[in-house]
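**Q** The numbering of the sequence shown is this note's numbering, which starts it at -15 and goes up by one.
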Amino acid sequence: MKKYATTLGLLLLGLTFLKSQSLHQSVLLQYDKQIDDIIRQMTLEEKIEMLHAKHMFTSAGVPRLGIADMIYADGPFGIREEMQPDGWAGLGWEKDKATFFPTGSALAATWSPELAYAYGTGMAAEARRRGKDMLLGPAINIQRIPTGGRTYEYLSEDPFLSSRLSVAYTQGVQDNGVAVCLKHFALNNQENNRGTVNVIIGERAMREIYLPPFEAAVVEADAYGVMAAYNKVNGWWCAENDLLLNQILRKEWGFAGMVISDWSGTHSTVDAINHGLNVEMPTKQFLGAALLDSVKAGIVSEAVINERVKEILRVRMAIKPIPAEEANQIMTSQPAQQKIAYDVASKSIVLLKNEGVLPLDLSRKPVIAVIGANATQIMATGGLGAGVKTLYEVTPLAGLQDRIGDKAELRYAQGYVPVVYRWGRRTPEQIEKEQQENDIKSKQLAKEAIEIASQADLVLFVGGDNRAVETEGRDRETIELPSGQDDLIRQIAEVNNNIVTVLVSGAPNDLKVVQPISKALLISWFNGSEGGHALADVLLGNIAPGGRLPFSLPVNLKDSPAYALGNYPQGDKGGDVFANLVSESASSGKAKQSESDPNAAYYSEESLVGYRWFDTKKIPVMYPFGYGLTYTQFAYSGLKIEQDTYASDEVISLSVEVQNTGGRPADEVVQVYVHRIDGSVAWPEKELKAFARVSLQAGEKQTVQLNVPVKGLRYWDETSHAWKDDLCNIELLVGASSGDIRLTRKVTLH
Ligand code: BGC
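As structure tokens, then:
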């Protein structure tokens, strides 16, 4: 009897444990029987052929059995142009011109899963038109450092916001017949040394901050593909990381799809295949002949090969291949997708400051001096990495001209020399010569700009970074505005202090100079094909600004966590990633790096990333996470929570009245943060746990309903290696940003 009771107890415990795990059943599993039949008919050689690249963006199917190749496309913010099968040079086609969608941080600034879903449908439609099976996106790494070269591609510093958008983006793509490839799994949070860096991180920060967007997209949206990142995590390359690929992704989350390496990011044969990599891209150095030999020699079992092949075939079964003759029949970019690009762009622009100058008043036909290279610069391409050969891109100046017509006089001056991306190395003499030429040119450009500013009613300064400044393969050294923009704007202010500044950047900038000088300040992102129209519509008040910061804007770069703790930068080995990759593939050691190693990235700030750090450490920021103004105000009242106490399997449902108290329709993003009053473990000061973007007419009041599952408040316990409830008193903080909490309510978790 006692034995029976113990068994029953264990069974119940097991069931409870299982219930607390994310039991995700992928739809991909439905093909398994069919796939087993296919695998039985395949030769070992045919199986191995599927496990590495066939071409730069293709991996093989099984022609003999009618199984099509898998065709990949970058991603994440537009379908990349057609390139030579085995090179990076474009084919010079006409019909491969795609829609340039706003990049990741712009999408995240909408705080809108609905728009992220629409974005995914747009990417999928264009991918299908081009015959692609798997989109290399979304890119969902956490923006850990403000200088990260790919911050513009990634979504947010916050795992919750990133998760909600990753899920919606993934659903939008996969509901329309294309597989996603979530990238870069995992902890690819910097570009300097990305091909050699070893991220040293504790379990809790990894689980609570860096993995959730991937987990959510797998568990909630059944993502079919994952790209292993270039870096190492705790000593193991991501493309041969058993913990990440086999244990967490597959066993814990129930991922049933395929893992591909990042381009030239595979480092071994036996470990890679055993530890969960399906396809080596875009090479066959490790999972080609070397793998075949390893199987024949009995070092790798054919059962593992079958498993890896099966995982690929599941995706192949779920994604209907497009016959070559049906692809590329019409122009990739079509009006329906251009409209999505406009919708996202127009809702992403963040208004940081407005001393009554916006929306622009054109009633007296003002003279507007538009100053800055970013007013005319294309952001679809530039720098290293995937760009979009876009059908068109409306620049800020073109957008203003289209929308303003003859209602104002626009006079343009470039103002400064923009940074240009240079391939290859240059000699010190070349660098110095270029510097001298730039200095002369800059003085001339500044002179012209000051001249037109002095004659204008208003200066519209359009600056920020560009795609050469923010680029794959290299982090920024600073967040200062490049090309001497601070100096230029100071000089402009001496002749005309009616300045509206627009920053076209994908990542944080230092605003210490520009903020006090500008009467209004906006971030309009790398905002896609329709970015210029969206910006003009916001400036003119055709639409009220509705974007909110997806990251904190620090006062000083050195205030941000990884910098403050000396965790970043680790060394001076930035620069050309491909140079790094060559040297690194020569040595595939996975010994733990020593502390002095410039390739060791210590994440000792743990979970205190972004606002979690600034709030907890009480460090002032320039603008907080979640911040953004509009052309009206919102009043918050009547916070209601159904119960005072909640059990661990319940959902805290709250409602709040939000009223637009101004005279124009606008959107508000209601944000719910959780503060632990008496937690049993250390917690950040507060964490985002729910949000809703709502549209309100002038004067309109709405009841906004928000849900916070108690399950979402768990912490990762490093001793038992499992999620645990911290049943304590918490405070729900409802507000308009992480720095603007309007209503609070205490709740007890039991
Ligand atoms: C990038 C990936 C990209 C791949 C193929 C790599 O360098 O890290 O994001 O998908 O190249 O272009």
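Even glycine gets a Cβ: it sits at the ideal position worked out from N, Cα and C.
Predicted model, so just to flag it, every value in this text is computed and none were measured.
1) Can you have a look at I352 and say buried or exposed, based on whether 16 or more other CB atoms are within 10 angstroms of its CB?
2) Pop quiz: L733 and I714 are said to be a contact at Cβ under 8 Å. What is the actual Cβ separation, rounded to whole angstroms?
3) Mind checking P69: buried by the 16 CB within 10 Å criterion, or exposed?
4) Pull up the DSSP beta-bridge partners for V635, would you.
5) Within 10 angstroms of its Cβ, does Q322 collect 16 or more other Cβ (buried), or is it exposed?
6) Would the C-beta of E295 count as close to the ligand BGC, meaning under 7 Å from any of its heavy atoms?
7) Run the CB neighbour count on A320, radius 10 Å, all protein chains shown included, and call it buried at 16 or more, exposed below.
8) Might you give, ordered along the chain, the residues of its own chain that have their beta carbon closer than 6 Å to the beta carbon of Q428, omitting 5 neighbours on each side?
9) Cutting at 6 Å between CB atoms, please list the residues of its own chain near V354, excluding the five before and the five after it.
10) For the beta strand (DSSP E) that I303 lies in, which residues bound it at each end?
11) Considering Cα atoms alone, identify which of N160, V498, S278 and G530 is closest to D651.
12) Are S536 and G612 closer than 8 Å when you measure CB to CB?
13) Can you say whether E377 is buried or exposed, counting buried as having 16 or more other CB atoms within 10 angstroms of its CB?
14) May I ask you to check if the CB of A370 is nearer than 7 Å to at least one heavy atom of the ligand BGC?
15) With W597 as the anchor, note down where its alpha helix (DSSP H) starts and where it stops.
16) Ignoring anything shorter than 3 residues, give me the beta strand (DSSP E) runs that lie fully in the region 220 to 269, in order along the chain.
17) Among the residues of its own chain, which have a CB less than 7 Å from the CB of V640, if the five just before and after it don't count?
18) Do L171 and Y138 have their C-beta atoms closer together than 8 Å?
19) Would the beta-carbon of K235 be found less than 7 Å away from any heavy atom of the ligand BGC?
20) Are the Cβ atoms of V401 and S467 separated by less than 8 Å?
21) Would you mind stating whether T42 and D58 have Cβ atoms separated by less than 8 Å?
22) Apart from the five residues just before and just after G559, which ones in its own chain have a Cβ nearer than 8 Å to its Cβ?
23) Between A111 and L120, how many whole angstroms is the CB-CB distance? I'm expecting something under 8 Å.
24) Quick check on D724: buried or exposed, where buried means 16 or more other Cβ atoms within 10 Å of its Cβ?
25) Would you call the region 475 to 494 and the region 286 to 295 in contact, with 3 or more CB pairs under 8 Å?
26) Would you identify the three-state DSSP class for F198, choosing helix, strand or coil?
27) Please work out which residues of its chain come closer than 6 Å, Cβ to Cβ, to S808, disregarding the five sequence neighbours upstream and downstream, and give them in chain order.
28) Whose C-alpha, out of Q231, A311 and V263, is nearest the C-alpha of V293?
29) Within the chosen definition, does the region 211 to 229 reach the region 247 to 259 through at least 3 CB pairs nearer than 8 Å?
30) Can you tell me whether DSSP reads T105 as helix, strand or coil?
31) How would you label E78, buried or exposed, when you count the other beta carbons within 10 angstroms and need 16 or more for buried?
32) Ordered along the chain, which non-local residues of its own chain (more than five positions away) have a Cβ less than 7 Å from that of A584?
33) Candidates R148, G448, L335 and G62: which alpha carbon is nearest Q469's?
34) Using a threshold of 8 Å, state whether the C-beta atoms of T374 and G62 are closer than that.
35) Would you report the Cα separation of L35 and A44, rounded to the nearest angstrom?
36) Taking the straight line between their C-alpha atoms, what separation do you get for M315 and T379?
**A** Quick answer:
1) buried
2) 6 Å
3) Under this definition P69 is an exposed residue.
4) Partner(s): P693.
5) The residue in question, Q322, is buried, as its Cβ has 16 or more Cβ neighbours within 10 Å.
6) Not under cutoff, so the answer is no.
7) By the neighbour-count definition (other C-beta atoms within 10 Å, threshold 16), A320 is an exposed residue.
8) none
9) L381, L394, Y396 and L444
10) For I303, there is no enclosing beta strand (DSSP E), as DSSP marks it with neither H nor E.
11) G530
12) No; because the gap between Cβ atoms is not below 8 Å, this pair is not in contact.
13) buried
14) yes
15) Y595 to K601
16) Entirely contained in the region 220 to 269, the beta strand (DSSP E) runs reaching 3 residues are, in chain order, 242 to 245.
17) Y620, G622, L623, V654, V688, V718 and L727
18) no
19) no
20) yes
21) no
22) Note that G559 scores a pLDDT of 37, beneath 50, so its modelled location is shaky; the value from the coordinates is reported in the next line. N176, G457 and R458, listed in sequence order.
23) No, A111 and L120 are not in contact; Cβ-Cβ is about 10 Å, not under 8 Å.
24) exposed
25) no
26) helix
27) With the chain running from -15 to 734 in the structure shown, residue 808 is simply not present.
28) V263
29) yes
30) helix
31) exposed
32) N182, I184, Q554 and Q577.
33) G448
34) Taking 8 Å as the cut-off, the beta carbon of T374 is found closer than this to the beta carbon of G62.
35) 8 Å
36) 21 Å
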